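Chemist:
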Amino acid sequence: VTSDCFTPGWTNYHKRLQYQTYDVTAQVSAGPNALGVMLGDGWYRGHLADFAGPGRNHYGDTLALLLQLELQYEDGRSQIITSNAEWRATYDGPIRHSDFYMGELYDARREQAGWATAGFDDSSWAGVRVHKGVTGQLVSQTGPTVRPLHTLEPQAISTAPSGATIVDFGQNLVGRVRLELSGEAGTAVRLRHAEVLDTAGELYTDNLRAARQEVTYILRGVGPEIYEPHFTFQGFRYVAISGLESTEVTLTAVVLYSDLAASGQFECSHPAHQPVAAKHCLGAARQLP
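Right, here's the structure in full:
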């Protein structure tokens, strides 16, 4: 229903929980409808920067959803539908793991067609448990959301001494890579991300510490497939890609940014300084919350 990424955003969840409101009129049709939601670990349960410490589950170890759908009928009636104990859920989906620092593993062979539509057979899914331990105050989101800004195409493709295929997008960015690919079912295409190359022309990843910044997509093998990671992002200019032996693939970088309105500008008479300033201003907007 939205292009917003990584909602509800990062707060101290024990004290404050943000919520978002969307107009879903266009998504509601006459007859049966269904609500389907994918949940990710995010800042709540995923890795944060403390790799030497616990690493994960800083705020909790159980994912939860709070949802309310408000319906206004033409005859003046209204109805409120909320998430409750009658909902069903499953871990048996295509996203096998997803983490801001560690990346995402997506197995397209495990996709469940029509899972978010009315009439889907969810009898194999499990029931849910109503969580009553939330202590944070519910507040409407106050800051900007994270959204796609624009896309970048590869500027150069080369082969590193190790034999790895290196894709250069021409500038450093915060975002993720969209794949358009076709190939045999079960083929794993792996992407590793880095901001710079070392002197030998390989990805330099020492600055990542324990963060992997890896995305793996396993093909379902049916027609052209389009994939963009869901609950992760990377800082990168270069991508090393493997698994291309029997796979056709097109890569596009999707730049993500905090949707801030410009409140000023910078101009300089020195021709070398102006583009540097412009790059830093844009880069600041791309830093995620």
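My numbering puts the first residue of the sequence shown at 998, with every later residue one more than the last.
Quick reminder that beta carbons are idealized off the backbone N, C-alpha and C, glycines included.
Please read these numbers as outputs of a predicted model, since none were measured by experiment.
#1: Over the uninterrupted alpha helix (DSSP H) stretch that includes Tyr1041, give me the two end residues.
#2: Which term fits Gly1267, buried or exposed, when burial requires 16 or more other beta carbons within 10 angstroms of its beta carbon?
#3: Whole angstroms is fine: what's the gap from Glu1225's alpha carbon to Val1164's?
#4: Anyone know if the C-beta pair for Gly1033 and Phe1228 falls short of 9 Å?
#5: According to the neighbour-count rule (16 or more other Cβ atoms, all chains shown, within 10 Å of its Cβ), is Glu1245 buried or exposed?
#6: Quick check on Gln1015: buried or exposed, where buried means 16 or more other Cβ atoms within 10 Å of its Cβ?
#7: Could you tell me which uninterrupted beta strand (DSSP E) segments, each at least 3 residues in length, are contained entirely in the segment 1193 to 1234, listed from first to last along the chain?
#8: Throw me the rounded Cβ distance for the Arg1206 and Val1236 pair, which I believe falls under 8 Å.
#9: Are the CB atoms of Thr1148 and Ala1250 within a distance shorter than 9 Å?
#10: Count the other CB atoms within 10 Å of the CB of Arg1234; is the residue buried (16 or more) or exposed (fewer)?
#11: Looking only at its chain, what residues have a beta carbon closer than 6 Å to the beta carbon of Leu1064, apart from the 5 residues adjacent to it on each side?
#12: Would you mind working out which of Ala1182, Ile1215, Val1131 sits nearest Ile1057, comparing C-alpha positions?
#13: How would you label Leu1102, buried or exposed, when you count the other beta carbons within 10 angstroms and need 16 or more for buried?
#14: For Pro1145, which beta-bridge partners are listed by DSSP?
#15: Would you say Val1186 and Tyr1214 are within 9 Å of each other, going by their C-beta atoms?
#16: What separation, rounded to the nearest whole angstrom, lies between the Cα atoms of Leu1176 and Ile1238?
#17: For the structure I just gave you, are there three or more beta carbon pairs, one from the segment 1198 to 1205 and one from the segment 1139 to 1159, closer than 8 Å?
#18: If you draw a straight line from the alpha carbon of Asp1203 to that of Gly1090, how long is it in whole angstroms?
#19: Whole angstroms is fine: what's the gap from Ala1061's alpha carbon to His1044's?
#20: Label Arg1107 either buried or exposed according to how many other C-beta atoms from any shown protein chain fall within 10 Å of its C-beta, with 16 as the threshold for buried.
#21: What is the rounded straight-line gap between the Cα of Thr1087 and the Cα of Glu1181?
#22: What three-state label does DSSP hand Thr1022 in the structure shown?
#23: So, helix, strand or coil for Gly1140, using DSSP?
#24: My output table needs one value for His1296: the three-state DSSP class, helix, strand or coil.
#25: How close, in whole Å, do the beta carbons of Met1099 and Arg1209 come, if the pair is a contact with beta carbons under 8 Å?
#26: Should Val1252 go down as buried or exposed, given a rule of 16 or more other Cβ atoms within 10 Å for buried?
Modeler: With the given structure in hand:
#1: Unbroken alpha helix (DSSP H) run through Tyr1041: 1039 to 1042.
#2: What sits at residue 1267 in the sequence shown is His, not Gly. Exposed.
#3: A direct Cα-Cα distance of roughly 17 Å separates Glu1225 from Val1164.
#4: Not closer than 9 Å, so no.
#5: Glu1245 should be labelled exposed.
#6: That one is buried.
#7: Here the runs fully enclosed are 1211 to 1215, 1222 to 1224.
#8: Not quite, the Cβ-Cβ distance comes to about 19 Å (not below 8 Å), so this is no contact.
#9: Yes; because the gap between Cβ atoms is below 9 Å, this pair is in contact.
#10: Flag for Arg1234 reads buried.
#11: Once the five neighbours on either side are set aside, the close Cβ partners of Leu1064 are Ser1080.
#12: Residue identity check: residue 1057 is Gly in the sequence provided, not Ile. The candidate whose alpha carbon is nearest that of Gly1057 is Val1131.
#13: Counting C-beta atoms within 10 angstroms of its own C-beta, Leu1102 has 16 or more neighbours from the protein chains shown and is therefore classed as buried.
#14: Here Pro1145 is bridged, per DSSP, to Leu1253.
#15: Yes; because the gap between Cβ atoms is below 9 Å, this pair is in contact.
#16: Roughly 11 Å between the two C-alpha positions.
#17: Verdict: yes, contact present.
#18: Their Cα atoms are separated by approximately 33 Å.
#19: Their backbone Cα atoms lie some 17 Å apart in a straight line.
#20: Result: exposed.
#21: Spanning the alpha carbons of Thr1087 and Glu1181 requires a straight line of approximately 27 Å.
#22: Reduced to three states, the DSSP call for Thr1022 is helix.
#23: Assignment of Gly1140 by DSSP, reduced to helix, strand and coil, places it in the coil class.
#24: Here the chain covers residues 998 to 1286 and nothing more, so residue 1296 does not appear.
#25: Contact holds; Cβ gap of about 5 Å.
#26: That one is buried.
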